[in-house]
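In the order they appear, the protein sequences are chains B and F. Taking the numbering used here, I'd label the letters of the first sequence as residues 1 to 113. Taking the numbering used here, I'd label the letters of the second sequence as residues 1001 to 1110. Below is one structure, written out as structure tokens, with a few remarks after it.
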Amino acid sequence: DTAVSQTPKYLVTQMGNDKSIKCEQNLGHDTMYWYKQDSKKFLKIMFSYNNKELIINETVPNRFSPKSPDKAHLNLHINSLELGDSAVYFCASSQVYAVWALHFGNGTRLTVT
Amino acid sequence: DAKTTQPTSMDCAEGRAANLPCNHSTISGNEYVYWYRQIHSQGPQYIIHGLKNNETNEMASLIITEDRKSSTLILPHATLRDTAVYYCIVSVRGGSRLTFGEGTQLTVNP
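Here you go:
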């Protein structure tokens, strides 16, 4: 199926650990994003990459580092996890000429204990 | 980006039209209205967007008032699968910094 897929779906870890979330899209899009949905369900952009280049970097702690090995993949690595990092993280993709039509993955629920 | 106001929740009978309102009284001339929805445990799904003209696609219709201060998303024949949170977002064209607010929880009842 054509889609944006992210793994894992659930991630439970302890404070201080380092974890990664992987994202892949087979839609042929050239722009990929990471969004964070907090406990109040507000969804905000964290990063945007176009053809492996960082385009948007919102006010996100340095502990969050996106990595794009190619334009079909955008992984999110988080160092020294904190309780406040608990949220649902969504990967998304779009064509650069249609950035309003984002295609989202189904999210990774991160719980930091 | 302009702020939007939506009702917290709405109900609709299956097979009926669902009309979801959105107020965006501070919208500026270069800002578009976007609608997304999020079905439980899934990522948001793009529905439609428009500037000032009414728009229609296979999913829905978007009616924007002449002064552009409000809009309505219309699902012509709601089904149970349309139960979701619907987000109205105002942003500049080409802007990828879409910020999703609280949205409207639409429940379609059998």
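Note that CB positions come from ideal geometry on N, CA and C, so glycine has one too. Source: prediction; values computed, not measured.
- Nearest Cα to B/GLN6 within the set B/ASN17, B/ILE21, B/VAL12 and B/GLN14: B/ILE21.
- Per DSSP, reduced to three states, the secondary structure at F/LEU1075 is strand.
- Chain-order list of chain F residues neighbouring B/LYS44: THR1099 and PHE1100, by C-beta distance under 8 Å.
- Contacts between F/GLN1042 and chain B, judged by CB atoms closer than 7 Å, involve ASN106 in chain order.
- Counting of Cβ neighbours within 10 angstroms places F/HIS1077 among the exposed residues, the total staying below 16.
- The residues ILE1027 and LYS1052, in chain order, have a CB closer than 7 Å to that of F/ARG1068 in the same chain once the five nearest residues on each side in sequence are set aside.
- Fewer than three beta-carbon pairs drawn from the segment 1020-1039 of chain F and the segment 60-78 of chain B are found closer than 8 Å, and the two stretches are therefore not classed as touching.
- In this structure, the beta-carbon distance from F/ASN1109 to F/ALA1018 does not fall below 7 Å.
- Only residues of its own chain outside the window of five on either side were considered, and among them ASP30, ASN51 and LYS52 have a CB closer than 7 Å to the CB of B/LYS71, listed in chain order.
- A check of alpha carbon separations from F/THR1079 across F/SER1070, F/GLU1055, F/LEU1106 and F/ARG1097 identifies F/LEU1106 as the nearest.
- Within the model, the alpha-carbon separation for F/THR1072 versus F/SER1009 is close to 15 Å.
- The alpha-carbon of B/THR59 is positioned some 15 Å away from that of B/ILE78.
- Using a CB distance below 9 Å, the part of the segment 1031-1059 of chain F facing chain B consists of TYR1032, TYR1034, TYR1036, GLN1038, SER1041, GLN1042, GLY1043, PRO1044, GLN1045, TYR1046 and HIS1049, ordered along the chain.
- Per DSSP, the continuous beta strand (DSSP E) segment holding B/GLU24 begins and ends at 19-25.
- Interface annotation, B/TRP34: not in contact with chain F, CB-CB separation never under 7 Å.
- At a Cβ-Cβ threshold of 7 Å, B/LEU11 and B/THR113 do not count as neighbours.
- The beta carbons of B/ILE56 and B/SER48 sit closer together than 7 Å.
- Note: B/PHE47 is bridge-paired with B/TRP34 and B/ASN57 in the DSSP secondary-structure output.
- Residue contact check for B/ALA101 against chain F: a CB pair falls below 7 Å.
- Under a criterion of Cβ atoms nearer than 9 Å, no residue of chain F is adjacent to B/PHE47; the nearest Cβ is some 10 Å distant.
- Between F/PRO1007 and the set F/TYR1087, F/THR1099, F/ILE1064 and F/PRO1044, the nearest pair of CA atoms involves F/TYR1087.
- DSSP lists F/VAL1033 as the beta-bridge partner residues of F/GLY1050.
- Under the Cβ distance rule, B/PHE90 counts among the residues neighbouring chain F, one pair being separated by less than 7 Å.
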